[in-house]
Each structure stands twice: as structure tokens, then as C-alpha cells.
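*Asks:* Residue numbers (mature numbering (1 follows the signal peptide of the UniProt record, and there is no 0)): -31 to -1, 1 to 440. Even for Gly, the Cβ is constructed at its ideal location relative to N, Cα and C. Quick caveat: nothing in here was measured; it's all calculated off a predicted structure.
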């Protein structure tokens, strides 16, 4: 739809551009055939509108969006732009993403900055870290809060990282992906084949508005189906958790759909978020539940290990009880140890960095170095211990003398397709590249395909709700 000849203001021009973009899907087949390229990104504007384009650039405080559907490029001041949501397929996962460096959280930041790469060493003053984009960097230790290991391959997962990996598209209107969260919109589920190990540790954060109510399928035979042929089905609400088992019990096709006992939870009414740690044993049907690092329930299937269980998981929500899922971490479990962080007040006083291992133990150290695929730590008593990377969950640094980089008015926050997010000073975006600067990492250049999201005007908190609800 071309702009009305008498509309001359910038607002009316943008309205015309937006309407021209947004009417494409209900318009004629001829219009659809004229689309030459899929959109690269969708820009969320401060008035709540969105503008899609397949060529994006930023220069001299202006965002320019070009599209085959626009008669001419749309040029907007950056103070009108809240974010760019990228919809292109991501780059292949870079090699060397073995650890996630978590920076000290900034004031009013819901999620602290983090960077995926390779941890080389830790000493009393600094952390040495390497990424494909930054090379090897030495970072002052007081800027870092913790380092998590990032195991990859079958039986391991950390995310969510993108809509694509969870199958969110135009056909799935029950869930949306935004800011590394899976957000439910209506009745229905969303799943992924995680390749759950026979014994597995499933961890995630859940947020809800009024009351907690959702289901989680484990070992689903079809992660795309709310009613698969086989699974362990956990039903959660504020008062209880309940386990049902579905599947075949013999080679002749006999099936079961059995329940178990209700186990009380009684979460405080004022709580609207919690961390869930679930330890599963497929063969025995035992499921151990921790909520916020406290043991809450131990459930036993009445008909364990149906023949046709799968390896997928699926979250299922109800429209009346929307839920947000984030910080999903899945890894094999030894079936014995509970490698969960001690409850608040239970951890020893921290004077040195701690290494948390998968056997549930905590190891103090004064120095760490990487040797081949192992981490070698020096203990306060000068002895050394070697850990395979798969046996390490994370390293936590003492919370003393925490530092944060200085803030600048043109700071942006980028979210990476393969995990992590960083606050950067933006120089420009051109030819599919972002050029910026970090006090900790220096000058940086990234391919736009490395990102799932770029936020602008990040210190203007009056737009926080709009970002969360519209993106």
C-alpha cells in the first residue's frame, strides 16, 4: 500500500512503510511471488510497530532497513529502535565453545553478560579465555563471577538459543522464543529431541504470572506431540507434582497409562519463579526433584521403562497459566550423586574459587589451567587435582571486589545464536557485519548471523515491558 499523497510527516511515512510490509501475507498470490529474499531481521520500534527487512545497516545514529517489499529504504533514528530480532539460519557452531564466562551482573540487569569460548587458565588476578572472534584475552578476575562448562554432543544441551532449534515457526502459535526464553501463548506444547541419556539431569528456570501449572514430558517417543505413545509425564502446579507413565509393556503391543502418587509441593504463593533440577532414571522410573536447590519430591513410576520410550522432552502449558522457560541445561547423570548447588547459607565461606564437580563435591583452588581436555587445579594446600571436562559443572569465583565495565550511551546488547550475550559499544553495521568495541575485549567484528537479537537503548527501562511482550 503506497503512502497517501497528503501524508507528509515521518510518523505517517513509517506507518505507510509498515502497512506495506505487514499486508504481504494476506495480499494476493502475485504479491507473494514478488518476494525475492526472506527477511534478515525484524526491527521492534519504540511505538510497538515492527519493520522487517533483508538488508540492515547502522551508521551515524540511524538504522536503515531495505526490503524487496518497500518502495525505498526506511531510515530511522536509533532512539526509535528497541531491537533487531534475526530470523536467518545461524552460522555453524564454532569450534572451541567449551565454557561460558559469566560476568558480574550490572545494576538492573536481569541477565548478566556471558561469553562462550575456551577457558585456558585462572589465577589470583586474571582469567585467560579464547574465542574465535576475539582471540586469546586476559580478563581481570574481578569482572568474572563464574565459568560454566559447555559439553556438546549427544545427551548434552544448553539453551534455548533460537526459535529454529525448538521448531517455532508460523505453524506453531502456542509458543514464542524471545530473549533466550520459551514463552507460552496458548494451550499446547513445545519440544525437542535432546537424546536424553538413560540417567539424566534436566535443569531449567520457570517463571509464571499468577500460579504455576505446566507439564513436562521426559523420554517422549514424539517430542512434537502433546499425547505421544510413550513418555514419563510430570504434572506440576503450586500444590503438588504428579507422575504418569505411558507406553508399551510387551512385544505384543499391550500398553499402559498409569499414574502415581501425588506429592505435595506447597510453594509459597508469592513465588513467581523457580529453578528446577530433575534427576531421572529411565530404567527404574525414579525421578528426583529439586526446586531452588532443595529436595522437594521423589517419584517412582508404577510401570517403569516402557518398551517404546524415546529421548525427547516437551513442555506443555495452559492458556490460563502462561509460563516462561529458560536456562535449560541437560547432561548425563551418574544415578547416585546430586550435583546441585548447596542451599543458601549451606555453602562454605568462600575465600578461594570453587570447582563444582558432577559427583556433588566442591573443590577449593587457587589456580587452574587447561591441559589437553582436562582442567588441573592447584588446591590451597598446594596439591593438584585433575578433572576431565565432562566431570566439571562450573567454577565460581569469590564475590569480593566485583567490578563492572563503564556504561556508554550508545551501548547495545547482543545475544549470540550459540549462547551468551554481551554489552558492546556500537560503531556501525554494514555489509552484514557489526563493528563494535568492548572495554574488556577490545575492538570486535561479528557476522550478523552470529546473533539472535540486538537490543538498542538498553538503559531506557521504560521500554522493558514492550521489549518483553512484543519481541
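Assuming residue 155 and residue 143 make a contact with CB atoms under 8 Å, what is their CB distance in whole Å?
*Replies:* Indexing the chain shown from 1 puts residue 155 at position 186. Indexing the chain shown from 1 puts residue 143 at position 174. Confirmed, Cβ separation roughly 5 Å.
*Asks:* Among residues of its own chain, excluding the 5 on either side of residue 166, which ones have a beta-carbon nearer than 6 Å to its beta-carbon?
*Replies:* Locating residue 166 in the chain shown gives position 197, where the first residue counts as 1. Excluding sequence neighbours, residue 166 sits near 124, 301.
*Asks:* Could you check how far apart the C-beta atoms of residue 234 and residue 265 are, in whole angstroms? I think they sit under 8 Å.
*Replies:* Counting from one through the chain shown, the residue named residue 234 turns up at place 265. Counting from one through the chain shown, the residue named residue 265 turns up at place 296. With a Cβ gap of about 6 Å, residue 234 and residue 265 count as contacting.
*Asks:* What do you get for residue 180, buried or exposed, if any count of 16 or more other CB atoms within 10 angstroms of its CB means buried?
*Replies:* Stepping through the chain shown from its first residue, residue 180 is reached at position 211. Classification of residue 180: exposed, given that the 10 Å Cβ count is below 16.
*Asks:* In chain order, what residues of the same chain have a beta carbon less than 7 Å from the beta carbon of residue 102, not counting five sequence neighbours either side?
*Replies:* Taking the first residue of the chain shown as position 1, residue 102 is located at position 133. Counting only Cβ-Cβ distances below 7 Å, and skipping sequence neighbours, we find 413, 415.
*Asks:* Take the Cβ of residue 406 as the centre, count every other Cβ of all protein chains shown within 10 Å, and call the residue buried at 16 or more, exposed below.
*Replies:* Residue 406 sits at position 437 when you count from the first residue of the chain shown. By the neighbour-count rule (16 or more Cβ atoms within 10 Å), residue 406 is not buried but exposed.
*Asks:* Distance check for residue 371 and residue 111, CA to CA, integer angstroms please.
*Replies:* Indexing the chain shown from 1 puts residue 111 at position 142. Indexing the chain shown from 1 puts residue 371 at position 402. Distance between the alpha carbons of residue 111 and residue 371: 5 Å.
*Asks:* Roughly how many angstroms separate the alpha carbons of residue 91 and residue 240, rounded to a whole number?
*Replies:* Along the chain shown, one-based indexing puts residue 91 at 122. Along the chain shown, one-based indexing puts residue 240 at 271. Going from the Cα of residue 91 to the Cα of residue 240 covers about 37 Å.
*Asks:* Do residue 70 and residue 98 count as a contact pair if the criterion is CB distance below 8 Å?
*Replies:* The residue you call residue 98 lines up with position 129 of the chain shown. The residue you call residue 70 lines up with position 101 of the chain shown. Taking 8 Å as the Cβ cut-off, residue 98 and residue 70 qualify as a contacting pair.
*Asks:* Which partner residues does residue 279 have in the DSSP bridge list?
*Replies:* Position 310 of the chain shown holds residue 279. Paired residues: none, contrary to the question.
*Asks:* Can you tell me which of the three DSSP states residue 387 falls into?
*Replies:* Indexing the chain shown from 1 puts residue 387 at position 418. Here residue 387 sits in coil by DSSP.
*Asks:* Taking the alpha-carbon positions, what's the residue 174 to residue 57 distance?
*Replies:* In the chain shown, residue 174 corresponds to position 205, counting from 1. In the chain shown, residue 57 corresponds to position 88, counting from 1. The alpha-carbon atoms of residue 174 and residue 57 are separated by roughly 27 Å.
*Asks:* DSSP three-state call for residue 111: helix, strand or coil?
*Replies:* Counting from one through the chain shown, the residue named residue 111 turns up at place 142. Looking at residue 111 - three-state DSSP - the assignment turns out to be helix.
*Asks:* Suppose the cutoff is 8 Å on Cβ atoms and the five residues either side in sequence are ignored; what does the same chain contact list for residue 73 look like?
*Replies:* Along the chain shown, one-based indexing puts residue 73 at 104. Excluding residues within five positions, the ones whose Cβ falls inside 8 Å are 81, 111, 112, 113, 114, 371, 372, 373.
*Asks:* At which residue ranges does the region 49 to 77 contain complete beta strand (DSSP E) runs of 3 or more residues, listed in the order of the chain?
*Replies:* Entirely contained in the region 49 to 77, the beta strand (DSSP E) runs reaching 3 residues are, in chain order, 50 to 55, 68 to 72.
*Asks:* Would you kindly work out how many angstroms separate the C-alpha atoms of residue 238 and residue 44, rounded to a whole number?
*Replies:* Here residue 238 refers to the residue found at position 269 of the chain shown. Here residue 44 refers to the residue found at position 75 of the chain shown. When rounded, the distance between both Cα atoms is 48 Å.
*Asks:* Going along the chain, which unbroken runs of the alpha helix (DSSP H) with 4 or more residues stay wholly within the region 148 to 217?
*Replies:* Runs of the alpha helix (DSSP H) inside the region 148 to 217: none found.
*Asks:* Kindly indicate which residue of 275, 402, 149 has the alpha-carbon position closest to the one of residue 436.
*Replies:* The count along the chain shown starts at 1 and reaches residue 436 at position 467. Residue 436 has its Cα closest to that of 149, out of 275, 402, 149.
*Asks:* Less than 7 Å between C-beta atoms, sequence neighbours within five positions excluded: which residues of the same chain meet that for residue 32?
*Replies:* Locating residue 32 in the chain shown gives position 63, counting from the first residue. Cβ neighbours of residue 32 beyond the five flanking positions: 12, 45, 47, 50.
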